[in-house]
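Chains F and U, in that order, give the protein sequences.
Counting the first sequence from 1 gives a position; the working numbering is that position plus 666.
Counting the second sequence from 1 gives a position; the working numbering is that position plus 6.
Ideal Cβ placement from N, Cα and C applies to all residues, glycine included.
All remarks here apply to the structure that follows.
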Amino acid sequence: MDAIVNDFTINIATANGTGSQSANLILLQSLFNMGIEVSGKNLFPSNISGLPTWYIVRLSDAGYQAPGDRTHIQVLVNPATWEDDLAQLEPGTVVVWNSDAKKPMDREDVISYPVPMTKMARGVNAKLARMIANVIYVGVLAELLGIDESAVVEAIGKQFKGKASAIELNTTAFHLGRDHAREHLTKEDPYAVAARGSNEGRFFMEGNEAAALGSIFGGVQMLAWYPITPSSSLAEGIIGWIPELRTNEDGEATCAVVQAEDELAAAGMVIGAGWAGARGMTATSGPGISLMQEFIGLAYFAEVPCVFWDVNRVGPSTGLPTRTQQSDLQMLYEGSHGDTQHIVLVPGTVEECFEFGWRAFDVSERFQTPVFGLSDLDLGMNRWPCEGFTYPDVPMDRGKVIRERDIFEAMEEFGRYRDVDGDGIPYRTLPGSGMAPILYRGTGHDEYGVYSEKAHIYLDLMDRLRRKIDGARDHLPAPILREEEECDVGIVYFGSMENTIQEIDDIIEAQGRKVSQCRVRSLPLHSEIEAFCARHKTVIVLEINRDGQLWGIMRRELPNHLVDRVHSVAYSDGMPPRASIYAERIMATIEEVEA
Amino acid sequence: MSDAPARKARPVKLNTINQPVDAYKGGPSSLCPGCGHDQISSVIIKAAWENGIEPHRIAKMSGIGCSSKTPAYYLGQSHGFNTVHGRMPSVTTGAAAVNGDLTYLGVSGDGDSASIGIGQLIHAIRRNLDMVYIVENNGVYGLTKGQYSATAEVGSKKKKGRPNEQTPIDLCALAINLGCTFVARSFSGSKKQLTALLKAAMAHKGFALIDVISPCVTFNNNDESYRSYGYVKENEVTLHMPDYIPQRLPIEEVEVPDGHYVDITLHDGSTIRLETIDAEHDPSDAVAALSALHKADSEHHHVTGLLYFDGTQPTMHEVLNLPEAALIDLESAQLRPSEAALESVISAFRDG
């Protein structure tokens, strides 16, 4: 039997609230510590305790970050999902199972490793048995797969920073599992790990944590938020960094934080802060953005800078609150009633979550308009290998805000909404300055901010707003292109699909087909996207949603002669994207187009 | 608080910053002629001028509705924000968090405050946001042509349609129950009382609610309605007549009204003086204030004056632990941590 090294997927089925998340993160970190390319996906329920949860660990020397197509090693701890989990396994799958679960192991075609996890755990500490059982399977896996003990010990230390009793308890349980496997199990499976040098200088990071840190370095001055999965950890990340990074010598915070009564209020507070002259932001998910729509239109029309992060979860409505999707793009781009258009920044990696975290404020203040950061649950809440962050390479761009009276007085004629420079971006003064005060309003207004219903004034205003946002497109993060020479097919995609695209590309290439790739990183569409489409006869827009939202935007905005070549591959079942599903659909689309 | 005899006083010098009253005026009103709201606008101009606040250091905030249009009609030298329906409190919260140096003067209506925006009103009170919040309360939706609002009394009748059958919300009672730190009621036709209340509210550090009965001349002026102009004038009971004394003026210079009065020291050190019509009412007694409201309501009267006051509560700004200087005045270097700070964060991740 040939060994299968660093190329398999482990699925761990446990119950929410039993401490299994700690055990799974220890396993993930242990593999990472060995320098192995590894990813973890937490499939958790909308629940505090009791409902089933799965954790998928994939090892891949190729660096694939998506969950694989199948499970190679199944850990069965949760009786509630036992039969289903077992039934889904392919023949030959390894099953590490809790033989105390009073559940049958009735598959003859799997490689079975029974472990009396409950009894062993009770022997350590009866009260904490459910929690300890989780670390026992880590020990068993470590022995079966050959995970270095030092890597696990280091991971336990990292997981329970400085908490001596937790470290001791978990280390004991780990050894119990390892010893049990050594003494009672005979290895019959081909799976093994081998140390690599992939993770030198890298560390695990969640997208939400990175976006929070980016916002801190962007000089956020006001955070207003309302808790919602999967964005809460972004807001809490900012709050967590304030004592270390944003507190002055007198111990006072340089960023105000208000937990709002709802998302509507959070949006209002951010707009109030922007109106007053500060960098305000909120973090939410799709349902929150739905609630904020009215305010978003106000900020667009009254031209108030404000930053909104949307960590996308599965909709519509409450949807699948703990699953991932890319289905808010269109709502962000065209949010609120009336004719609107908004700037959206779409990070695809944790490094970009940091970068767009600070950049969002510069863009928002420059263009005096709402700016959205669009992340998703997969990127935001799962752990990703991170190379580190680059310090902002440009000073803070506060835009056309006049703070000095002499500059104000040197201006020929001030009008809050006058297009002095021809770029559609007007100048503004701040409340309290005494310079050109106006009553900001969501009603129609002339160049001086005075209420008006006159047709030509309304037309001029709407035209200028369109020019302003249109002019932003090439100031925004350009798409990332990976182009094959002499290649007919181009794939356009965005966001966290970045972490699956390489595997998709490899699958397609293995079938004898080469495709170019273009990752959209902002809306409105950068001009390079049109050029990319012009260079490829067939363009396939790849998205984690049902309706092909980016595809719709491209069809509407590309010139007519390019529209027919743009095709949609959109699929979402709530699970993190699996490469084979998309690769298959891309191939089918190419065949259909070429037929 | 103490009782003291009236003293002979010289006239008070108002507006010590020597601004003409015109500096506090705004554009012409587009409300119906005779609207109570216009009287309130003129009181706002008077009170701001008398308090001697630099007009550009006031921020005019409003929601949507007849009342919320009025910021265009006063304080033309102040920045303002006519926001969205019922959501002026949140916008003000955000602005005040980053610039607490301005006097935030919010104007709202009963639709804006008692229906769509009641949640935001409640939470702004709960945070003790430092602002003045005037409700121009007429019991109807004016701009949409006369539907009942949530403050319309049971049995009030529109010109057409069925009488209102739902219990009204008393915003003052609500605010007192929430611990609002300054709760007053007045009448748009009682200029003297309203001016004094507004001046006190502007000096108060914390959330000051003034519910001003402001009859709608177009849609709610049936004499059966107890928010009609005629009804209110005849059935108003004045609880306290406050008079505001700015801190910088010696108390001797104030013309003290005849009769008993109480002095209350505001958070900023200035004093408001209340002429006590009903001498038994103690504005620090929430239960007494609620009793007075309840009694007036059961007798179909309005009790006006300063109903409740608590100058001891910290404001939102104080609770947030923010620097003395407004956050908007911080330089980039104070907002963006250094490159070394980022390096240290990253090495902690790598080593942690």
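Please indicate yes or no: does the CB of Met871 of chain F lie closer than 7 Å to some heavy atom of the ligand GDP?
This structure lacks the ligand GDP, and indeed carries no ligand of any kind.
Taking Glu1209 of chain F as part of the beta strand (DSSP E), name the residues at either end of that continuous run.
Segment Thr1204 to Glu1209, the beta strand (DSSP E) holding Glu1209 of chain F.
In angstroms with no decimal places, state the Cα-to-Cα distance between Leu725 of chain F and Glu703 of chain F.
C-alpha separation (whole angstroms): 6 Å.
Closer than 6 Å by C-beta to Asp1028 of chain F: which residues in its own chain qualify, once you throw out the five before and the five after it? Chain order, please.
The residues are Asp1063.
Is there a Cβ from chain F that is less than 8 Å from the Cβ of Pro329 of chain U?
Answer yes: the Cβ-Cβ gap between Pro329 of chain U and chain F drops below 8 Å somewhere.
Judging by CA-CA distance, which residue of U:Val141, U:Asp288, U:Val104 and U:Thr173 is the nearest neighbour of Leu333 of chain U?
Nearest of U:Val141, U:Asp288, U:Val104 and U:Thr173 to Leu333 of chain U, Cα basis: U:Val104.
Scan the segment 935-1005 of chain F and note each continuous alpha helix (DSSP H) run of 4 residues or more that stays entirely inside, going in chain order.
Those alpha helix (DSSP H) runs which fall completely within the segment 935-1005 of chain F and span 4+ residues are 952-968 and 995-999.
Does the beta carbon of Val138 of chain U come closer than 8 Å to any beta carbon on chain F?
No, no contact with chain F.
Please list the terminal residues of the continuous beta strand (DSSP E) segment that includes Pro705 of chain F.
Correcting the residue type first, residue 705 of chain F is Ser in the shown sequence and not Pro. Per DSSP, Ser705 of chain F belongs to the beta strand (DSSP E) from Val704 to Leu709.
When the cut-off is 8 Å and only beta carbons count, does Arg191 of chain U lie next to chain F?
Cβ-Cβ to chain F under 8 Å: no for Arg191 of chain U.
Buried or exposed for Thr318 of chain U, going by 16 or more other Cβ atoms inside 10 Å?
Classification for Thr318 of chain U: exposed.
Residues of chain U with CB closer than 7 Å to the CB of Arg1107 of chain F, please, in chain order.
By Cβ distance, chain U contributes Asn88.
Enumerate in chain order the residues of its own chain whose CB-to-CB distance from Glu1149 of chain F is below 7 Å, with the five nearest sequence positions on each side excluded.
If we look at Glu1149 of chain F and ignore the five residues flanking it on each side, its Cβ neighbours are Ser1182.
Name, going along the chain, the residues of the segment 104-125 of chain U whose beta-carbon falls closer than 8 Å to a beta-carbon of chain F.
Cβ contacts with chain F: Val104, Asn105, Asp107, Leu108 and Gly125.
Give the residues of chain U in contact with Trp941 of chain F, contact being defined as C-beta atoms less than 8 Å apart.
Chain U residues near Trp941 of chain F: Phe87, Val97, Gly100 and Ala101.
At 3 residues or longer, and completely inside the segment 128-205 of chain U: list those beta strand (DSSP E) runs for me, N to C.
If we require 3 residues or more, the beta strand (DSSP E) runs fully inside the segment 128-205 of chain U come out as 137-143 and 188-193.
Under the three-state reduction of DSSP, which class applies to Asn672 of chain F: helix, strand or coil?
Reduced to three states, the DSSP call for Asn672 of chain F is coil.
Counting only Cβ pairs nearer than 9 Å, list the residues of chain U close to Gln887 of chain F.
What Gln887 of chain F touches in chain U: Ala103, Val104, Leu333, Ile334, Leu336 and Leu341.
Using a Cβ cut-off of 8 Å (strictly closer), state whether Gly1100 of chain F contacts chain U.
It does; some Cβ of chain U falls within 8 Å.
I want to verify the contact list: residues of chain U whose CB lies under 9 Å from the CB of Met1062 of chain F, in sequence order.
Those within 9 Å of Met1062 of chain F in chain U are Ser338, Leu341 and Arg342.
Measuring alpha carbon to alpha carbon, tell me which of F:Met1163, F:Ser712, F:Ile1157 and F:Ile1219 ends up nearest Phe1198 of chain F.
Nearest C-alpha to Phe1198 of chain F: F:Ile1157.
Alpha carbon to alpha carbon, what distance is there between Gly40 of chain U and Pro169 of chain U?
Roughly 25 Å between the two C-alpha positions.
Can you tell me which residues form a DSSP beta bridge with Val741 of chain F?
Beta-bridge pairing links Val741 of chain F to F:Ile678 and F:Val762.
I'd like to know whether the C-beta atoms of Gly86 of chain U and Thr98 of chain U end up nearer to each other than 8 Å.
No, Cβ-Cβ distance for Gly86 of chain U and Thr98 of chain U is not below 8 Å.
Is the Cβ of Ile27 of chain U closer than 8 Å to any Cβ of chain F?
For the sequence presented, residue 27 of chain U should be read as Val rather than Ile. Closer than 8 Å: no.
Can you check whether the CB of Val776 of chain F is closer than 8 Å to the CB of Leu755 of chain F?
Yes, these two residues count as a Cβ contact at 8 Å.
Distance cutoff 8 Å, beta carbons only. Does Asp274 of chain U sit that close to anything in chain F?
Low confidence applies here, because Asp274 of chain U scores a pLDDT of 45, under 50, leaving its location unreliable; read the following figure in that light. No, Asp274 of chain U does not count as interfacial toward chain F.
Just how far apart, CA to CA, sit Ala919 of chain F and Met888 of chain F?
If you take the alpha carbons of Ala919 of chain F and Met888 of chain F, they lie about 10 Å apart.
Quick one: list the residues of chain F neighbouring Ile352 of chain U, beta-carbon separation under 7 Å, in chain order.
Within 7 Å Cβ-Cβ: Gly1054 and Phe1055.
Shorter than 8 Å from the beta carbon of Gln45 of chain U to some beta carbon of chain F?
Not an interface residue.
For Asp750 of chain F, name the three-state secondary structure that DSSP assigns.
The answer is helix: DSSP assigns Asp750 of chain F an H, G or I state.
How would you write the range of the beta strand (DSSP E) that Val723 of chain F sits in, first residue to last?
That run of the beta strand (DSSP E) goes Pro718 to Ser726.
Sort F:Trp941, F:Ile894 and F:Ile937 by Cα distance to Gln959 of chain F and report the nearest one.
Of the candidates F:Trp941, F:Ile894 and F:Ile937, the one whose C-alpha sits nearest the C-alpha of Gln959 of chain F is F:Ile937.
Take the Cβ of Met1241 of chain F as the centre, count every other Cβ of all protein chains shown within 10 Å, and call the residue buried at 16 or more, exposed below.
It is buried - the Cβ of Met1241 of chain F has at least 16 other Cβ atoms within 10 Å.
Which value, in whole angstroms, describes the spacing of the CA atoms of Ala202 of chain U and Ile46 of chain U?
Approximately 12 Å, taken between the alpha carbons.
Which residues in chain U sit within 8 Å of Met935 of chain F, going by Cβ to Cβ distance?
Residues of chain U passing the Cβ test: Ser96, Val97, Thr99, Gly100 and Ala103.
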